[in-house]
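Undergrad:
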Amino acid sequence: MDAVVFWAQVLVPIVPHYPKVEPKGGRPPVPLENMLRMYCLQNCYALSDPIAGETLWESDAIRQFAGIEVGDNQNHEETTTFSFWHLLEPKADRGALRRDKRKSA
6 MDAVVFWAQV LVPIVPHYPK VEPKGGRPPV PLENMLRMYC LQNCYALSDP IAGETLWESD
66 AIRQFAGIEV GDNQNHEETT TFSFWHLLEP KADRGALRRD KRKSA
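Basically this note's numbering = 1-based index in the sequence shown + 5.
(1) The alpha helix (DSSP H) with residue 65 in it runs from where to where?
(2) Tell me which residues share the same chain as residue 16 and place their Cβ nearer than 8 Å to its Cβ, disregarding the 5 neighbours each side in the sequence.
(3) Measure the CB-CB distance between residue 73 and residue 92 and report whether it falls below 7 Å.
(4) How would you label residue 107, buried or exposed, when you count the other beta carbons within 10 angstroms and need 16 or more for buried?
(5) Would a C-beta distance cut-off of 7 Å place residue 18 and residue 26 closer than the cut-off?
(6) Look up residue 32 in the DSSP assignment and say whether it is helix, strand or coil.
(7) Does the distance from the CB of residue 43 to the CB of residue 13 come in under 7 Å?
In structure tokens form, the structure reads like this:
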């Protein structure tokens, strides 16, 4: 996938909307490129958020592609990936999809 996806270019439009480290502290966000790589893996392999998190720890290949190390202190849990999905989904498109589903039903 690295041969066909230019990660730096894909990240540019997302960066302004991605959470930053807060001066008050708190849990730092997972690096954006790691989250985008997980998003791509979830779509390629049709993984749910909980299964994607489990797959990170069970597969060396998935972990290596996502850029995650076993001992890292990053939190790849279901709510983190769910929030990232919603960041990438344009709100207008979600509404259009709902309308299309109602028409076809």
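Even for Gly, the Cβ is constructed at its ideal location relative to N, Cα and C. Model, not experiment: these values are computed from the prediction.
TA: Let me spell this out:
(1) Against the sequence shown, residue 65 aligns to sequence position 60. 65-71 is the span of the alpha helix (DSSP H), which, as asked, contains residue 65.
(2) Here residue 16 corresponds to residue number 11 of the sequence shown, with the count starting at 1. Same-chain partners within the cutoff: 37, 38 and 41.
(3) Within the sequence shown, numbered from 1, the residue matching residue 73 stands at position 68. Within the sequence shown, numbered from 1, the residue matching residue 92 stands at position 87. No, these two residues do not count as a Cβ contact at 7 Å.
(4) Residue mapping note: residue 107 aligns to position 102 of the sequence shown, counting from 1. The predicted position of residue 107 is uncertain, since its pLDDT is 48 and thus under 50; a value taken from the coordinates is nonetheless stated next. The residue in question, residue 107, is exposed, as its Cβ has fewer than 16 Cβ neighbours within 10 Å.
(5) For the purposes of this step, residue 18 is taken as the residue at position 13 of the sequence shown. For the purposes of this step, residue 26 is taken as the residue at position 21 of the sequence shown. Taking 7 Å as the Cβ cut-off, residue 18 and residue 26 do not qualify as a contacting pair.
(6) Against the sequence shown, residue 32 aligns to sequence position 27. In this structure, residue 32 counts as coil in the three-state DSSP scheme.
(7) Translated into the one-based positions of the sequence shown, residue 43 becomes position 38. Translated into the one-based positions of the sequence shown, residue 13 becomes position 8. Taking 7 Å as the Cβ cut-off, residue 43 and residue 13 do not qualify as a contacting pair.
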